[in-house]
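Per UniProt numbering, the sequence shown runs over residues 1 to 61. Okay, so here's the structure we're looking at.
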Amino acid sequence: MKELRKKRSMKRITTRKKRRERRKPKTGRRKTRKVKIKRIKKMARRGRRRRTLKIRRTLRS
1 MKELRKKRSM KRITTRKKRR ERRKPKTGRR KTRKVKIKRI KKMARRGRRR
51 RTLKIRRTLR S
């Protein structure tokens, strides 16, 4: 049973790696942190997302 579990976890790691390789390389304009924060805040105002801890930390800095 233990060996089987080990095998399964190994397989999961390799599939994750393959999936990452399959993904397209990033091109185009990257979103700046400020824009991301703005968007999340907007969502929070609409109630789709609660204001997260991460935002509070970024706003403080």
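C-beta atoms are modelled at their ideal positions from N, C-alpha and C, and glycine is treated no differently.
In whole angstroms, what separates the C-alpha of residue i from that of residue j?
i   : j   : result
K34 : I40 : 10 angstroms
R20 : R12 : 12 angstroms
M10 : R45 : 42 angstroms
T32 : K38 : 10 angstroms
Residue i by DSSP, collapsed to three states: which one?
i   : result
T32 : coil
Ignore the nearest five residues each way along the sequence and tell me which others in residue i's own chain have a CB closer than 6 angstroms to its CB.
i  : result
K6 : none
Grab me the residues of residue i's own chain with a C-beta within less than 7 angstroms of its C-beta, minus the 5 sequence neighbours each way, in chain order.
i   : result
K36 : none
Have a look at the options and flag the residue whose alpha-carbon is nearest the alpha-carbon of residue i.
i   : options         : result
R23 : G47, T15 and L4 : T15
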